[in-house]
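Some notes on the structure that comes next.
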Amino acid sequence: MLENAWVIPTLTFVSFWLILFFGKRLPGHGAEIGIGALGLAFVLSCVAVVQWVDRPATEVVPHGTSEEVHGEEEEEHGAAGGQRGEDRQVVATAVETGGHGEETPIRSAVERNVTWFTIGDVEVTAGTAVDGLTVVMLFTVTLISLLVHVFSTNYMHGDVRFTYFFAALSLFTTGMLLLVVSSSTLQALFGWELMGLCSFMLIGHWWEKAENSNAAMKAFLTTRTGDVGLLVGIVTLFFAAGQTFDIALINERALTGAIGHTALVVGAVGLFIGVIGKSAQFPLHTWLPDAMAGPTPVSALIHAATMVVAGVYLVARLYGVFWEAFDIGAGGVNPIAVVGGITVLIAAALAFVQDDIKKVLAYSTVSQLGYMVMALGVGAWTAGIFHLFTHAFFKGLLFLGAGSVSHAVHSFDMKADMGGLRKYMPTTFVTFLIGSVALAGLFPLAGFWSKDEILVGAAENGYPVFELVGIVGAFLTAAYMTRCVYLTFFGEYRGHAHPHESPRPITIPLMVLAVFSVGAGLLNAPGVEKFFEITENRVFLLAGVEHHSFEVFPAVVSTVVVLAAIAFAYLLFFERRLPRGLTRRNALARSGYTLLTNKYYLDHLYTGVIVGSVKGAIARAAYWFNQKVIDGVVNAVGIAARRSGDWTYRHIDQAVVDGAVNGAGFGAEGFGGILRTIQTGRVQQYAALLFGAATVLALGLIIFV
Amino acid sequence: MLVNQFLVLGAVLFSIGVYGVLARRNGVLVLMSIELILNAVNINLVALGALQGASGAVTGQVFALFVITIAAAEVGVGLAIVLLIYRNRASVDLDEVDLMKG
Amino acid sequence: MESLDDSALSLAVFVPLVVAAAMLLVPRENETAHKLMALGATLATFAVGMLILARFDYGASDQLQFRVDAPWIDVINSRYLLGVDGISLPLLVLSMFVCVLVVVYSWNHFPEPHNPKAFLILILVLETGMNGTFVAQDLILFFVFFEVVLLPMYFMIGVWGGEQRQYAAIKFFLFTLFGSALMILSFLALYFSGGQTFSIQELVAVAADNIPRSTQLIIFGGLFMGFAIKVPMFPFHTWLPDAHTQAPTQGSVILAAILLKLGTYGFIRIAIPILPEAAMAWAPVIGGLAVVGIIYGALGCLAQSDMKRLIAFSSVAHMGFVMLGIATLTDFGINAAVFGMVAHGLITGMLFFVAGSVKDRFHTLELSRLGGLLLQAPRMGWILGFCAMASLGLPGLAGFWGEFPAILAAYSPAEGLSEALFRTYMVIAALGTVLAAGYLLWMLQRAAFGTPKPEFAEAPIADMHWPEYVAWVPMLVLILVLGIFPGLLFGLTDGAVGNALSSFGAGG
Amino acid sequence: MAAQNLVFAVLAVVAVLAALRVVTTRNVVHAALYLVAVLGSVGALYVLLAAEFLAAVQVLIYIGAIVVLFLFGIMLTRPTLGRESGLDNDQRWLAGITGLFLFGVLSYVLVEAFGDERLPRLEGLDREALTAERGTGAVGDAIFSTYLVPFEVVSVLLLAALVGAIVLARRE
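Printed below as a string of structure tokens:
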């Protein structure tokens, strides 16, 4: 399966065409093709995972910084198959980053290319490159997509364009899978843009209403603006890496210093702009909350688990380039980490003031993406990918939960139509709770492990500032998730519909995802380290990326922070709505409450200053800033383009250029008019003119010749 | 005899013919003036032919003959046209014939 | 089969003309006879095209094949030279392909005033002119076919056009004539300074070294004017929107799909190989104008309220990309230009077809009055969406391969061209793609999405019927196939481009 | 020698005066008669230049046929008998000036070109040699040998003019 990984994207591509042409006529209106194809793809992905796991770790990569590694591979001396540790001999390769130099045999990527086309003397190839990262992504994407398909059969039941929706879902999954398996940057661009197209089609699914198509267009244009950077990046790296699109080659050349530093920086910045656009990082994140206009399964699939993480995947895939360009190993500050950090904070703050459940989740996704980008920025490669892996599950779970809730109350507005739903929708409540707790990062669940590793990574790699940002982010995340859960499931039901538990096709995916949200974390738990082992690959070994396994102290710190956040958020609601808080009899809240009271005086200033200010001024300011300034700028650019288009068209095009052309025409006509007076129609006058001219000519001839 | 005698005479007749064509209002008179011009040309032809000696003289005369025949054809058609103008306008005054005015 | 080889090109060029002459004899009344004859002519030509494609030796795609060399006008040493190589073959086949589809499309789509006989004859004459231009290897022969194309298009716009068709037709005619006047001057200058011959092959060999650089610049200037107006490049483009808005659908399709390519083809076939030094000197100017064209075209589109005028301005932007590709004078650039030409021909041809059908149903192309096309005619709406996506250069569709290699080439142009300048062009062109996405989706949103305006809410809008299906499906399939397998075309043009650029010896 | 010059002078004066009268007379018929005078004197000049056949043709065709045709033309277009007022149009002076200007240029050119060239003297040759050399016989031979094609073309032209004149002047 590793060799012909290209089967998986083609599978969904074929299902797209089948649904498009035959979907309408099938009893399930194309849903069964979609689910069948995705099911098969998921199975194949599992096979790929299994094949990858028990693939012998043969390739040996010298562990150290890029400068003194001369680049061509060591020949494989017969390391014992399978077990990785015992017979590693320590090679004293001095490494500035203080990493212990040792030859770690890893699994080599399986690459299979075919020539796509040739221009001049350059042969452009397309093909698949499968390594740990790809396998993990394959597994996640196909699983989430499958669950979303199952979910949408019921959720979208009776929709006017049911078949078209499933066709678009298949096409989208093809795009993501194509990006994930592709071995060349150009082919990755194909997957990247295909996803952009599908997100446009899916966000604008109900395009009868104008704001939906506006949201779709905004999403497409913002990501497209980012793609300008991506295009420039790909082109720069193509030429800098000696006219090749091949990712492995580019990484190799970047790490062995074969690419000039300026070209590398330009390429990396270009790619990162593309990532900012696609993964909704700080300046270009405004489209993601608006993209909630699309149906919820779309939000779950695209705007939580797959498309938005494509940017993070790209950074991880081309990590050699970023590592060298931004000198991540050296600690301190670098653009990726800064952008990631900023996104974490502002998005988390914004999540506070949202009333729409999907908007809260959207801002939380932006914030979590910020986390992953920050992780990659601080050099915690495995942590970032692990967080991506776990986040896909619990965020997918939360979105589907929100879908199930809205399906019941026919609205997304938490304040107006929700509240007290735990009584009516037990399974959705339990799964949603698991999801939010996992997101907050409490001990046994997935979020805890991945977020914790990021904090550890930040600390160890010399990025203390970002560790702090991570902790504050965790605090805020826990707080707004508690608020969201509280508003949705606790208190009295404020809506006027009569909510009931969603039918089986909706609850099954919720339960499956809940299980994953719990279990996924264990994959990289201290003793296991399985995830790290799977995703270990050449690039970050060559670059000398340090992976730091679990440490107790930071874990304790983050847990305390998260618990405090939940308590404060709960306390906050309790305090402000005194009567309502008292009436709530809930074990978790009471224990959090008693914990808080005895530290109350110590923290009064802290909550007053930070929580108060964060919840009050800054959030609203951030929101205002976000809506007015950034959105304002985006709209202003649109309007300015329109107006300058009008102006240039009316003045330059019509007046000047066309004017000159018409002017020539009228000039000729005018001159013609003058000449007309000579045509008197009297033959003799013509004769007179003729002879007169003839004689003058003769005279001229005589005198001059 | 100087050849110029004949050539200058031809030039005089030619100029008078041109005057006649330009100044006369009556269609027939204009045709007559054209005849004058043609005769001037004939004189030149014959005179220059004679200047060239025997073969030239013959050529001159042959061409003069051709000019005369053409003049005859021309007058025939010219008068037919003048007749038509007369029939349409009851007058041969060329000034009125300016349909082609721009 | 040998005799067929050397007569193939002459057949390809003159079969439509012969049938057009035959159609003159057929009385105007029985229209079906005219339609069948026209269809027969285009299909026969297309069959010849397929034959040429089959017997074309792809290995030697840089040499001229199917050569025909017969005396024509001896006094000026201009010979009846025909030949086709990697660059002209795709354009030739595209021209035949589009003509077949246009005849099929106009089976029952004849514009007012209803005169299928004259209309079809004009299409056939157009086809002769276009095919001839692509295969002519002699400057005078090239010029003759270049002008033959002008007249039928003038009548098509002038007779069957929209309200201001006179103004548009005359403007189109005079503009192109002005260009070709300067072009013929340059041809003559080439003739006299290049050793008394009009054959392109000989001129390429001999002209480069024995024309001093200053005259080369002036000659190239004349050629530039002639071809730039046809492309159209930035300052000379004002005839295009008028011509397109007033031309009937079939006219717009042919104008957009093929006629615009004569200009760019002229650059690649004549201007650049014969005058390399001048090309090197002019390249930054062409690049600059191309890039300005991209942005200007995009801004123009944003300011339009008429769908067809918007598409016309979008082709100004697209040809900007093609010209940027040419301006880089590298393998990537010229390959991108040729691919861009074919792709733009297909995509904009399709856009005009759809616009034409929308005009047939709604009798207006005012975007403010249109809306909800996806509700009333879903298939046509989706095809419009597909073409808009292809037009904005979505990877996976043909449009992308016209733009991306051009941007790639702009990163590192041929030696002697300033890299910094071309890299700024590259960034601007990349921005152009965003603007392209902007105005195309904006158009798509206003025309296809949303709900139909009350004016047309209950109007019986028929979805596509068979002539549209038959005419459109091949083009859509080709756009998709070329998008996924660009090797089909790059393999063909690569050799010929290398040959065309041999006088530069530029890697790029 | 002097006799020839004398005869030439007389004929020239007659021709010029008659020509002037043709273009200035008020009576159309007088103009035709003056034309006869001009043609006669020109015919005589041909004799002076030893082109008898031409002189004969001149008198026969020009005066005999063409002037008669003019008279018919005058008769058919029935101008008022006697003196007619205003036979010249308003651009008389312009015409006069052009005529004079033209004459000036022509005479200057002729004097410049043919200053004092004399015509070859003919007295030396006897009569037979003269006629054989440039007389009617020689002209006849020339027409039917070297100038056969133009002769045929002119005949066709005459036919065409004939048909044309008939068609034009036909009365429906």
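Residue numbers (the working numbering), protein chains in the order written: chain A, 1 to 705; chain B, 706 to 807; chain C, 808 to 1315; chain D, 1316 to 1487. Yeah, the Cβ is synthetic: ideal placement off N, Cα and C, and Gly gets one too. Remember, predicted model here, so these are calculated numbers, not experimental data.
Practice item. Closer than 8 Å by beta-carbon distance: list the chain B residues that pair up with residue 683 (chain A), in chain order. Key: 799, 802
With the cut-off set at 9 Å, would you say residue 1129 (chain C) and residue 1213 (chain C) are in Cβ contact? yes
- Message: Could you check whether the region 849 to 861 of chain C touches the region 916 to 925 of chain C, counting it as contact only if at least three pairs of C-beta atoms, one from each stretch, sit closer than 8 Å?
- Response: no
With distances taken Cα to Cα, identify the nearest neighbour of residue 931 (chain C) among C:850, C:974, C:893, C:1011. Nearest option by C-alpha distance: C:850.
May I ask you to report which of helix, strand or coil DSSP gives residue 1004 (chain C)? coil
Worksheet item: Who are the Cβ neighbours of residue 306 (chain A) in its own chain at under 6 Å, not counting the five residues just before and after it?
Response: 141, 176
Next on the checklist: Applying the 10 Å Cβ sphere with the 16-neighbour rule, what's the burial state of residue 697 (chain A)?
Outcome noted: exposed
task: Answer with buried or exposed for residue 453 (chain A), where buried requires no fewer than 16 other C-beta atoms within 10 angstroms of its C-beta.
output: Burial check for residue 453 (chain A): the Cβ neighbour count within 10 Å reaches 16 or more, so the residue is buried.
Within-9 Å CB hit, residue 967 (chain C) to chain A
So, not an interface residue.
Since residue 1413 (chain D) meets chain A, which of its residues come closer than 8 Å, beta carbon to beta carbon? 688, 691, 692, 695
For residue 714 (chain B) and chain A, any beta-carbon pair shorter than 9 Å?
-> No, residue 714 (chain B) does not count as interfacial toward chain A.
Going by DSSP, what residue range makes up the beta strand (DSSP E) through residue 889 (chain C)?
885 to 891
Discussion item. Mapping the DSSP letters down to three states, classify residue 1225 (chain C) as helix, strand or coil.
Written reply: coil
Query - Residues of the region 228 to 257 of chain A whose Cβ lies closer than 8 Å to any Cβ of chain C, in chain order - result: 228, 231, 232, 235, 236, 238, 239
Same chain only: Cβ atoms within 8 Å of residue 327 (chain A), ignoring 5 sequence neighbours per side: The beta carbon of residue 327 (chain A) sits closer than 8 Å to the beta carbons of 334 from its chain, once the five residues preceding and following it are set aside; these are given in chain order.
- prompt: Around the Cβ of residue 1273 (chain C), are there at least 16 other Cβ atoms within 10 angstroms (buried) or fewer (exposed)?
  reply: exposed
Would you tell me roughly how many angstroms separate the C-alpha atoms of residue 764 (chain B) and residue 1033 (chain C), rounded to the nearest one? 54 Å
**Report entry** chain D contact for residue 793 (chain B) (CB, 9 Å cutoff)
**Finding:** no
### Query
Anyone know if the C-beta pair for residue 1286 (chain C) and residue 1150 (chain C) falls short of 9 Å?
yes
Residue 1027 (chain C) versus residue 693 (chain A): straight-line alpha-carbon distance, rounded
40 Å
What are the boundary residues of the beta strand (DSSP E) that includes residue 529 (chain A)? Segment: none, residue 529 (chain A) is in no beta strand (DSSP E) and carries neither H nor E.
- Message: Can you find the residues in the same chain that come closer than 7 Å, C-beta to C-beta, to residue 457 (chain A), ignoring five residues on each side of it along the sequence?
- Response: 375, 378, 379, 380, 383, 548
Spatial neighbours of residue 1334 (chain D) within its chain, please: C-beta separation below 8 Å, excluding the five flanking residues on both sides. Closer than 8 Å at Cβ, skipping near neighbours: 1349, 1353.
(Q) For a quick check, are the C-beta atoms of residue 817 (chain C) and residue 1302 (chain C) less than 9 Å apart? (A) no
From the DSSP output, in three-state form, read off residue 878 (chain C) for me.
-> strand
Task: residue 13 (chain A) versus A:508, A:153, A:33, residue with shortest Cα-Cα distance - done: A:33
(request) Spell out the partners DSSP gives residue 1113 (chain C) in its beta bridges. (result) C:1173
query: What are the start and end residues of the alpha helix (DSSP H) that includes residue 190 (chain A)?
result: 185 to 203
### Task
Closer than 7 Å by C-beta to residue 401 (chain A): which residues in its own chain qualify, once you throw out the five before and the five after it? Chain order, please.
428, 431, 432, 435, 510
DSSP has residue 231 (chain A) in a bridge; who is on the other side?
Looking at the DSSP assignment, residue 231 (chain A) forms no beta bridge with any residue, so it has no partner.
ask   = Are there three or more Cβ pairs, one per stretch, closer than 8 Å when the region 1170 to 1179 of chain C is compared with the region 1195 to 1208 of chain C?
value = no
- Message: Does the CB of residue 117 (chain A) have a neighbour CB from chain C at under 9 Å?
- Response: yes
Measure how close the beta-carbons of residue 350 (chain A) and residue 318 (chain A) come, nearest whole angstrom, since I'm counting them as under 8 Å.
Going by Cβ atoms, the distance from residue 350 (chain A) to residue 318 (chain A) rounds to 30 Å, so no, they are not a contact pair.
Open item on the list: Please report the distance separating the alpha-carbon of residue 264 (chain A) from that of residue 258 (chain A).
Closed with: 10 Å
Closer than 8 Å between beta carbons: that is the criterion. Which residues of the region 1412 to 1432 of chain D meet it against chain B? 1413, 1414, 1415, 1417, 1418, 1421, 1422, 1425, 1426, 1429, 1430, 1431, 1432
message: At 4 residues or longer, what runs of the alpha helix (DSSP H) sit wholly inside the region 903 to 946 of chain C?
response: Fully enclosed alpha helix (DSSP H) runs of 4 or longer: 923 to 942.
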